[in-house]
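Comments concern the structure below.
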Amino acid sequence: MQADQKSRASLKEIDGSKAALDEHAITAIIDPQENIRAQFAAIVESSDDAIISKTLDGIITSWNRGAEKIFGYPAQECIGQSMLMLFPPERVAEEAEILARIKQGEKVDHFETVRVTKSGKLIDVSVTLSPMRNDQGRIIGASKIARDITGRKQMEDARRASEARYRMLFEYAPDGIVVVDSKGYYLDANASICRMLGYARDEFIGLNATDIVAPAEIPHIGEALDVIKNKSDYRREWQFRRKDGSIFAVDTIATAMPCGKLLAVIRDITERKRAAEALAESQALYHSLVDQMPAGVFRKDAEGRYAFVNSFFCRIRNSTPEQFLGKLPGELPVSEAQFFSQAASHHVQIMQTGQPIEVQDEYHGVDGRTLFFHVVKSPVFAPDGKIIGSQGVLFDVTTHKHAEDEVRRLNAELEQRVIKRTAELEAANQELEAFSYSVSHDLRAPLRAINGFAGIVLEDFGSQLPEEGKRHLERIRDGGRQMGVLIDDLLAFSQLSRQLVNRQKINTAKLVQNVLEELKPQLDGRRIEIKIGELPACHGDPALLKQVWVNLISNAVKYTRGREPAIIEIGCAPENNEDVYFVRDNGAGFDMQYADKLFGVFQRLHSADEFEGTGVGLAIVQRIIHRHGGRVWAEAKVNRGATFYFTIEGGNKS
Amino acid sequence: MNTETRSIKNILLVEDDMRDVELTMAALEEHHLANKVEIVHDGAEALDYLYHRGNFKTRAPGNPVVVLLDNKMPKVSGLEVLKIMKGDERLKLIPVVVLTSSRETPDLLEFYKHGVNAYVVKPVDFSEFMKAVRQVGVFWAAVNEPPPDTGTEATSIPSG
């Protein structure tokens, strides 16, 4: 203050003299008073601020180097000029105001305004004006110190902009950011953390960490604060509690700021947690599936070392994963190496070709059993397509194989049995044939003798024999003749079992017509009405089925003897999707209680005196129908006729 | 049988059953063919006769005009006799009629396959039997024209 006054005094001395303000003029002052003044003048001159004096009219009276530097005008261009030369037009009014205040003796302190330089550039200045008084204390002018604050202003603006920017970063950071004091109270918080927790910022600020962590986590807060206060970063996953009480997981990292407060960045990791859990679950599922799989699974790295083996794989050798992991097949115990004899070469092949390999492997198990495996090996690809190892699955097909062997064995056995049975059957057939042959040949010869010699006796000695003797001989011949017929029928019947059934399509209607044609001699002299219904075609052996129709129709003809007229119906009645052929007559019929005897060989329900026959005809019918997979049956009433029905398997609808 | 002194007969009857021989002869007699029948009782004898061997070494030369051949006989069967005859250039032209009890199809086929000239099933019934044998005898011994060298001396005797 004292210096100010002295400076003011010295300036008063030079008032009105332009020359006095010249540097040289100032330094030329030599008296003690002048010496002090000179010192002030030197100070003024060396100041970077513009130091200017002016009259109450605003005329510049002094102008230092600082002024020249700031405004661009040298002293000689300004002294005597109006101060207004430094004012931008829109600020001219300021001068009158300033001068008015100066006249009042007021000081204008650090008035920030804008002035214009010689080059016309606008600059920010901070101006301090003080009234200048003469010795009498009258105000005669003003001193003005102006500082170019353009740089400072720019810095300030930059700082402000930067602050706003950082605030924005803070505010809009997707992670929550909080400033916490050393006791855990929140001093500041960004939008993200507020959103995360469901608080308005105003509500949030002032809360304590204990308010927002899950109750179980509260004990950890002290520890966290301690660590951070010791200038260490503290990272932890927390369970946070929202305003609505719901709990969620966050990952936080907190650090101490130079000011001693704590800064924490908080990230909601609910999704990450969920993804991690899903991954863990999926891995657990995969692992349990692979491990529980009833097949051996392994994986090898590029070198061929076991990187993974599942339980089943280990069980095959009654060992543990540790015995395999990290080892090459050659490094396994000898027995293992033998088991995996092809393991190394397969691995090399897969690594080279990238092609899968499928093999059947045989292995002598620890318990001495031979096990069979179906093995599928394939390459393991990295995401970039490079082959980084091999993997394989071993299916134990031992049971399967044994079953196969068993089937093969049974088949062979069966075949053997079939061969044996066939041979037996052939032998039986041969025996039967020999028997038939013998019957055919050997039984006939003596019969022929009986008949023949009885005939010769009758012819040659008939006249010498009494009537009774001749009658007896006739009986012998009749018996012999009947026995011949029996033998022939029996042979025909036995031949049926040996004859092959040669199936083909048969026009039944035509077949029946032919049969009736052949039976014509039997119909001679008889009055018989034959009614033929629809007779669908069938599949069967034509010769055999013809025999069936012959036998059934001849029976009908025979057993209607004496009926006037005899009526024979021939037809077919579909029943249950099956063609049932029938032959019906109005003849003698029979008692149904003997129906089961009807189709037996040599079984007769009528005496030979009544109706001749050997009892083989229906047996032949039944055998033929059975050999065609069909059924045959009869319905009848004594003296009311009989109906014979039959079906043929598979032959009906084709 | 004293065959050496006998002259050659026209019919060779090969039959082991004496009753059948008698019945056959009875039937042939009715047409006076019986005295032209040489009877042998099995296939072996038949071959001996045909080849002038054994009992028939010294028989008169010449082949029968027909051989009536039973099938089922001891030692050598009728079928075997037929096979040998039809396989021999000198005997194959002799007509062979099988007279048998068997009506079995396989027998029929075998005989026809080996060139039998007729196959006759001997009926069990007396009158039918007589009729059948008579017809065979008359046809083959009287109606049929035999091949040229029958009834003449055989040119050589086979070794066996």
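As they're listed, the protein sequences go chains A and B. Position 359 of the first sequence, counting from 1, maps to 359 under our numbering, and the rest follow consecutively. Position 86 of the second sequence, counting from 1, maps to 86 under our numbering, and the rest follow consecutively. Glycine included, C-beta positions come from ideal geometry on N, C-alpha and C. These numbers were taken from a predicted model, which means no experiment stands behind them.
Cβ-Cβ separation, I553 (chain A) to V515 (chain A) (assumed contact under 8 Å), whole Å: Within the first sequence, residue 515 (chain A) is the residue found at index 515, counting from 1. Within the first sequence, residue 553 (chain A) is the residue found at index 553, counting from 1. Between I553 (chain A) and V515 (chain A) the Cβ distance is about 6 Å, and since that is below 8 Å, they are a contact.
Closer than 7 Å by beta-carbon distance: list the chain A residues that pair up with S127 (chain B), in chain order. Position 127 of the second sequence holds residue 127 (chain B). Ordered by position in chain A, the residues that pass the 7 Å Cβ test against S127 (chain B) are G455.
Starting from W633 (chain A), follow the beta strand (DSSP E) in both directions and report where the run begins and ends. Counted from its first residue, the first sequence places residue 633 (chain A) at position 633. Run containing W633 (chain A): 632-636, per the beta strand (DSSP E) assignment.
To the nearest angstrom, how far is the alpha carbon of A636 (chain A) from that of R584 (chain A)? For the purposes of this step, residue 636 (chain A) is identified with residue 636 of the first sequence, where counting begins at 1. For the purposes of this step, residue 584 (chain A) is identified with residue 584 of the first sequence, where counting begins at 1. In a straight line, the C-alpha of A636 (chain A) is about 9 Å away from that of R584 (chain A).
Can you grab the Cα-Cα spacing for the pair L84 (chain A) / E95 (chain A), in whole Å? Start at 1 with the first residue of the first sequence, and residue 84 (chain A) comes out as number 84. Start at 1 with the first residue of the first sequence, and residue 95 (chain A) comes out as number 95. Going by the C-alpha atoms only, they are around 7 Å apart.
Between V125 (chain A) and I98 (chain A), what straight-line distance do the alpha-carbon atoms span, to the nearest angstrom? Position 125 of the first sequence, counted from the start, is the residue given in the question as residue 125 (chain A). Position 98 of the first sequence, counted from the start, is the residue given in the question as residue 98 (chain A). The straight-line gap from Cα to Cα measures roughly 15 Å.
Quick check: what's the CA-CA separation for E529 (chain A) versus L605 (chain A)? On the first sequence, position 529 is the one that residue 529 (chain A) refers to. On the first sequence, position 605 is the one that residue 605 (chain A) refers to. For E529 (chain A) and L605 (chain A), the distance between alpha carbons rounds to 25 Å.
Shorter than 8 Å from the beta carbon of A451 (chain A) to some beta carbon of chain B? Start at 1 with the first residue of the first sequence, and residue 451 (chain A) comes out as number 451. Reading off the sequence shown, one finds Asn at residue 451 (chain A), where the question assumed Ala. With 8 Å as the cut-off, N451 (chain A) counts as an interface residue toward chain B.
With a threshold of 8 Å between beta-carbons, can H441 (chain A) be considered close to chain B, or not? Numbered from its first residue, the first sequence carries residue 441 (chain A) at position 441. So, interface residue.
Does DSSP classify E362 (chain A) as helix, strand or coil? Reading the first sequence from its first residue, position 362 is the one you call residue 362 (chain A). Strand.
Could you name the residues of chain A that A26 (chain B) contacts, counting a contact when the two beta carbons are closer than 7 Å? Indexing the second sequence from 1 puts residue 26 (chain B) at position 26. Simply I456.
First and last residue of the alpha helix (DSSP H) that includes L523 (chain A)? Stepping through the first sequence from its first residue, residue 523 (chain A) is reached at position 523. Per DSSP, the unbroken alpha helix (DSSP H) holding L523 (chain A) starts and ends at 520-523.
Do the stretch 87-94 of chain B and the stretch 136-144 of chain B make contact, defined as three or more Cβ pairs closer than 8 Å? no
For a cutoff of 8 Å on Cβ pairs, would you count S654 (chain A) as touching chain B? As a working note, residue 654 (chain A) is residue 654 in the first sequence. Residue placement at S654 (chain A) cannot be trusted, given a pLDDT of 40 that sits under 50; what the coordinates show is reported in the next sentence. Taking Cβ atoms only, chain B never reaches closer than 8 Å to S654 (chain A), which makes this a no.
For N411 (chain A): DSSP bridge partner residues: The residue you call residue 411 (chain A) lines up with position 411 of the first sequence. N411 (chain A) pairs with nothing; no bridge assigned.
Is L371 (chain A) close to chain B? Criterion is C-beta to C-beta, closer than 8 Å. Within the first sequence, residue 371 (chain A) is the residue found at index 371, counting from 1. Not one chain B Cβ lies under 8 Å of L371 (chain A).
Identify the continuous alpha helix (DSSP H) that holds D226 (chain A) and give its terminal residues. For the purposes of this step, residue 226 (chain A) is taken as the residue at position 226 of the first sequence. Element bounds for D226 (chain A): 219-229.
Answer yes or no: does any C-beta atom of chain B fall closer than 8 Å to that of A445 (chain A)? As a first step, residue 445 (chain A) must be located in the first sequence, where it is residue number 445. Interface residue, yes.
In or out: K122 (chain B) buried (at least 16 other Cβ within 10 Å) or exposed? As a first step, residue 122 (chain B) must be located in the second sequence, where it is residue number 122. Buried, because 16 or more other Cβ atoms sit within 10 Å of the Cβ of K122 (chain B).
Is G480 (chain A) close to chain B, meaning its C-beta is less than 8 Å from at least one C-beta of that chain? What you label residue 480 (chain A) is simply residue 480 of the first sequence in a count that begins at 1. G480 (chain A) counts as touching chain B.
Sequence-distant residues of its chain with Cβ nearer than 6 Å to L496 (chain A) (five each side left out): Counted from its first residue, the first sequence places residue 496 (chain A) at position 496. If we look at L496 (chain A) and ignore the five residues flanking it on each side, its Cβ neighbours are R623.
CB contact below 8 Å: E30 (chain B) versus chain A: Here residue 30 (chain B) corresponds to residue number 30 of the second sequence, with the count starting at 1. No, its Cβ sits nowhere closer than 8 Å to a Cβ of chain A.
I need the DSSP call for N639 (chain A), collapsed to helix, strand or coil. Start at 1 with the first residue of the first sequence, and residue 639 (chain A) comes out as number 639. In this structure, N639 (chain A) counts as coil in the three-state DSSP scheme.
For chain B, check one thing: does any of its Cβ atoms lie closer than 8 Å to the Cβ of R477 (chain A)? Residue 477 (chain A) sits at position 477 when you count from the first residue of the first sequence. Yes, contact with chain B.
Decide if the stretch 189-200 of chain A is in contact with the stretch 269-277 of chain A; the criterion is three or more beta carbon pairs, one per stretch, under 8 Å apart. no
Spell out whether any CB of chain B is found under 8 Å from the CB atom of Y437 (chain A). Along the first sequence, one-based indexing puts residue 437 (chain A) at 437. Output row for Y437 (chain A): interface = yes.
With three or more beta-carbon pairs closer than 8 Å as the criterion, would you say the stretch 140-151 of chain A touches the stretch 43-61 of chain A? yes
Where does N318 (chain A) fall in DSSP's three states? Along the first sequence, one-based indexing puts residue 318 (chain A) at 318. It is coil, neither helix nor strand.
Inter-stretch contact at 8 Å, needing at least 3 Cβ pairs: the stretch 16-27 of chain B / the stretch 597-613 of chain A: no
Buried or exposed, going by whether 16 or more other CB atoms sit within 10 Å of the CB of H472 (chain A)? Walking along the first sequence from the start, residue 472 (chain A) turns up at place 472. When all chains shown are included, H472 (chain A) counts as exposed.
Proximity below 8 Å, CB of V120 (chain B) to CB of L99 (chain B): Mapped onto the second sequence, residue 120 (chain B) falls at position 120. Mapped onto the second sequence, residue 99 (chain B) falls at position 99. Cβ atoms of V120 (chain B) and L99 (chain B): closer than 8 Å.
Which residues of chain A have a Cβ atom closer than 8 Å to the Cβ of R103 (chain B), listed in chain order? For the purposes of this step, residue 103 (chain B) is taken as residue 103 along the second sequence, with counting starting at 1. Contact annotation for R103 (chain B) against chain A: S440, D488, L491 [CB-CB distance below 8 Å, chain order].
Any idea what DSSP makes of E534 (chain A), helix, strand or coil? For the purposes of this step, residue 534 (chain A) is identified with residue 534 of the first sequence, where counting begins at 1. Judged by DSSP in its simplified three-state form, E534 (chain A) adopts coil rather than helix or strand.
To the nearest angstrom, how far is the alpha carbon of A556 (chain A) from that of A27 (chain B)? Working through the first sequence from its first residue, we reach residue 556 (chain A) at position 556. Working through the second sequence from its first residue, we reach residue 27 (chain B) at position 27. So the alpha carbons of these two residues sit roughly 40 Å apart.
Please list the terminal residues of the continuous alpha helix (DSSP H) segment that includes E171 (chain A). Indexing the first sequence from 1 puts residue 171 (chain A) at position 171. Unbroken alpha helix (DSSP H) run through E171 (chain A): 150-172.
Note down, in chain order, every chain A residue with its Cβ under 8 Å from the Cβ of K75 (chain B). Start at 1 with the first residue of the second sequence, and residue 75 (chain B) comes out as number 75. Under the 8 Å cutoff, chain A gives no residues; its nearest Cβ is about 16 Å from K75 (chain B).
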